[in-house]
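If you read the sequence shown in full-length UniProt numbering, its first letter stands for residue 1, the second for the next number, and so on.
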Amino acid sequence: MFKNLINSWRKKNLIDKKYEYLFDTPPKDEYVCLDCETTGLNPRKDEILSIAAVHIKKNKIMMRKTLNIFVKPSKKITEESIKIHQIRPVDLQNGKDPNEAILELLEFIGNRPIVGYYIKFDIAMISKYTKKIIGVSLPNRQVEVSSMYFKTKKRSSDYEFVDLKFDTILKELDIPELGKHDALNDAIMTSMIFLKLRDLSPANSTFYTG
1 MFKNLINSWR KKNLIDKKYE YLFDTPPKDE YVCLDCETTG LNPRKDEILS IAAVHIKKNK
61 IMMRKTLNIF VKPSKKITEE SIKIHQIRPV DLQNGKDPNE AILELLEFIG NRPIVGYYIK
121 FDIAMISKYT KKIIGVSLPN RQVEVSSMYF KTKKRSSDYE FVDLKFDTIL KELDIPELGK
181 HDALNDAIMT SMIFLKLRDL SPANSTFYTG
């Protein structure tokens, strides 16, 4: 009920009513897995450099329905950030304007739930832009794969440590590594994690975290 109230308030704040579809009931058993590469880890001051997303339908990753966009930052990226995301200035020369990239992403996502690894950060980064462009933060439901993985681990007590690193989850689930710090590869690997964990989870489990 609280979620419905928030969404009703958000709909009233939409600048463009064209985007009311974001609040519609999503299609059954469809998801979008996304990943962003950014200049840093602070949504308030950092920027998106690339966005990738892939459709998931039932138990399939729809490789013909992928999105992979480079985004032009407002300022020069630092050497320190290049070491992390491995995106060079030359890669961004033909990048899209942030507003154009975000609108393309919204069309791709639609009203589907969004799957990701520590997805709240990606949603926070994207919402920084959507608030300016359409007036509201991204309203889609969220599915956090690290939480799904955590629920599958048997623990002797509530205080037992569970390693939630991305590499650890890949290894534990026997999922191939496609290459790190590439947004599309990360989205595909996260999609495989989601499908594998969904099969391992109880039938009545709920995956939504937001």
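Glycine included, each C-beta is placed from N, C-alpha and C at the ideal position.
Inter-residue distance for residue 129 and residue 136 is about 9 Å (C-alpha atoms, whole angstroms). In the DSSP annotation of this structure, the continuous segment of the alpha helix (DSSP H) that includes residue 130 starts and ends at 119–133. Cα atoms of residue 17 and residue 11: separation of roughly 8 Å, rounded to the nearest angstrom.
Contact annotation, residue 34 with residue 187: C-beta distance approximately 6 Å; criterion of less than 8 Å satisfied. With a 10 Å radius around the Cβ and a threshold of 16 neighbouring Cβ atoms, residue 158 comes out exposed. Contact between residue 173 and residue 196 holds: CB atoms are separated by about 5 Å, below the 8 Å threshold.
Annotated as proximal: residue 32 and residue 114, with beta-carbon spacing under 8 Å. At a Cβ-Cβ threshold of 8 Å, residue 184 and residue 52 count as neighbours. In this structure, residue 168 keeps its C-beta atom at 8 Å or more from the C-beta atom of residue 200. Annotation: residue 64 is outside any alpha helix (DSSP H); the continuous beta strand (DSSP E) that includes it extends over 60–70.
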